[in-house]
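In what follows, a single structure is set out as structure tokens and then discussed.
There are 2 protein chains.
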Amino acid sequence: MSESCIHPGTVWLVGAGPGDPDLLTRKAERLIRAASIIFHDALVGPEVLAIAETGTRLVPVGKRAGRHSRSQEAINGLLVQAAKDGERVVRLKGGDPSVFGRSGEELAALRNAGIPARICPGVTAASAAAASACLTLTRRGAARQLVLVTGQARAGERLDLDWDLLASGRTTVAIYMGKAAAAGIARELMRAGLAASTPALIVENASLPSEQSLSTRLDLLGLGAAALSGDGPMILIVGESMGQAEPGRPSAGMSRQPLLAERS
Amino acid sequence: MSESCIHPGTVWLVGAGPGDPDLLTRKAERLIRAASIIFHDALVGPEVLAIAETGTRLVPVGKRAGRHSRSQEAINGLLVQAAKDGERVVRLKGGDPSVFGRSGEELAALRNAGIPARICPGVTAASAAAASACLTLTRRGAARQLVLVTGQARAGERLDLDWDLLASGRTTVAIYMGKAAAAGIARELMRAGLAASTPALIVENASLPSEQSLSTRLDLLGLGAAALSGDGPMILIVGESMGQAEPGRPSAGMSRQPLLAERS
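Just so you know, the protein sequences line up as chains A and B, in that order.
Quick note: the first sequence uses this note's numbering, first residue 1, plus one each step.
Quick note: the second sequence uses this note's numbering, first residue 1001, plus one each step.
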């Protein structure tokens, strides 16, 4: 509990979770309230930022696919300078800071500058997407491992994933930021041996009121991803665990259309 | 927010996070307060359970390695019966319910009985362990994928993991409940080609005041796991990302001894 205060000159990398402010941890909530300045990703929504105290400076440093508002180096520099200025710094990231958040580069920059840094973990998008669909990411007999990868390549590079690993069976594969690459990912997974009929779940804006999701199958992953109309972050989850029938649950706020799967 | 109430006769599978009650989500906190009965794992500590209202029935149904206090079938039956009795049921699990929590079996039982079920996600142990050590699970250039597996085999069976794939490089492997199998896991990963010097992090009781952790290397994983003195849940994380030098951070509540690594 005592960790929820911020010593001036310290930088906390804080996981904001998948989007729903109710999915912030209690610790993240306190750190957001304790901050004097918050550098936040574009994926961190206004409901989360509204938790900050009046007077806290909110600095968007967001990167979204194809629209990098600041370079990583510039962000690193801002964090170091704010800490040197004696601010109580929160670097607020969607999901969990340790999962595809480029936290490694920020931690290295802080370390090189002699700035103390800490991490507050968060709920990662795969957990939130599965929860919304009332599905589990691992399941006895169906999935012995869960693999998290990102569907975003470095600028100018091909997506460099180990398709044989991902297609090895009894594996649940969660692809973060997978919208643009969905069709290509499906093609590679099938080429590596995964059945076209492997169940897949597509969730955009997981946990938010604008959440959309679709239960489909691997060979329709590209179509499904294109069919969701939003421009929010999308996670693709592929594996037999996504084929669990859904228990009776209200469908409010979510469209789970089996349409694409039925058309196949 | 409206989801934080519980309709009588509904079962919520709720992630309690890694242990620190501050790492509960705000939603989990509300659901715990709203429950009339809570079935909880052994790994859910008293600080978390203290959040429940006076009068809420707390029913331990915990399973710990080698000490199964109730069969999974018995737990399923308890959940179904409590829902049929019109209780506001919370099934409280350590970490995230979707990650090695056997939620699939409980969801199937509820579905078969026509009971509405929902999931509230939580912070999983790998995220918390990395955060405590101020390390990231993925890092550009070092890890393109994060694989979560469990170190517990079914009773009487050998650990059935895909060693070649776990050892395939640029991969961070997080092994849940890995204490007993640590030496064997290291042996298999090295046999599959992973370097003996691959950095590894061992964390017991991640996020709790009793947390102990050790930065070591793959060939010393078994020794390191045995060296930690607690009997709490242990996570092993193996991969180049665990070799990031640590930024200046206070070490309160944590012993990060490089001893074993130096002795090698």
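Ideal Cβ placement from N, Cα and C applies to all residues, glycine included.
Inter-residue spacing [alpha-carbon to alpha-carbon] between residue i and residue j
i	j	result
A:A82	B:A1042	43 Å
B:A1225	A:A133	36 Å
A:V147	B:Q1072	26 Å
B:P1199	A:L223	41 Å
B:D1085	B:A1126	37 Å
A:G178	A:L194	18 Å
A:S103	A:T150	15 Å
B:S1168	B:S1197	15 Å
A:I38	A:N112	21 Å
B:H1007	B:D1160	40 Å
A:M190	B:M1190	29 Å
B:A1181	B:I1175	10 Å
B:E1087	A:A186	43 Å
B:A1228	B:G1055	Strictly speaking, residue 1228 of chain B in this sequence is Leu, with Ala absent from that position. Each residue's Cα considered, the two are about 38 Å apart.
B:T1025	A:K27	9 Å
B:E1157	B:L1220	25 Å
A:A155	B:V1048	44 Å
B:P1046	A:P46	34 Å
Contact set for residue i: own chain, Cβ-Cβ below 8 Å, skip 5 residues either direction
i	result
B:R1033	I1051, A1052, E1053
B:G1230	E1204, N1205, S1210, Q1212
A:L31	S4, I6, W12, V14, V90, C120
B:A1192	W1163, D1164, L1166, A1167
A:E29	I51
Closest Cα partner of residue i within the set the options
i	options	result
A:M234	A:L201, A:K27, A:L31	A:L201
A:V99	B:R1070, B:R1140, B:P1060	B:R1140
A:L135	A:A196, A:C5, A:S241, A:I6	A:S241
B:C1005	B:L1208, B:G1169, B:R1158, B:V1090	B:V1090
A:Q244	A:S36, A:G184, A:L208, A:A131	A:A131
B:L1058	B:S1036, B:Q1145, B:T1150, B:P1008	B:S1036
B:P1121	B:R1111, B:G1101, B:A1113	B:G1101
A:T10	A:L79, A:R30, A:L228, A:A192	A:L79
A:I237	A:L49, A:G156, A:Q145, A:P46	A:Q145
Same chain only: Cβ atoms within 7 Å of residue i, ignoring 5 sequence neighbours per side
i	result
A:N76	E105, E106, A109
B:S1207	P1018, G1019, D1020, L1023, A1128, S1132
Nearest-angstrom Cβ-Cβ length linking residue i and residue j, presumed shorter than 8 Å
i	j	result
A:P23	A:A128	Here residue 23 of chain A turns out to be Leu, not Pro, going by the sequence shown. Right, the Cβ-Cβ distance comes to about 6 Å (below 8 Å), so this counts as a contact.
A:A143	A:T171	6 Å
A:G239	A:V173	6 Å
Beta-carbon contacts of residue i that lie in its chain and below 6 Å, excluding the five residues immediately before and after
i	result
B:E1188	W1163
A:A153	L159
A:A183	G222
A:V61	F39, R70, I75
B:T1138	L1146
Any non-hydrogen atom of the ligand SAM within 8 Å of residue i CB
i	result
B:L1189	With respect to small molecules bound, the structure shown includes none, and the ligand SAM cannot be examined in it.
Open item on the list: Quick check: the segment 1110–1123 of chain B against the segment 1036–1053 of chain B, are at least 3 beta-carbon pairs closer than 8 Å?
Closed with: no
Open item on the list: With three or more C-beta pairs closer than 8 Å as the rule, is the segment 84–102 of chain A touching the segment 15–29 of chain A?
Closed with: yes
Open item on the list: Check whether the segment 216–228 of chain A and the segment 157–170 of chain A touch, using three or more Cβ-Cβ pairs below 8 Å as the test.
Closed with: no
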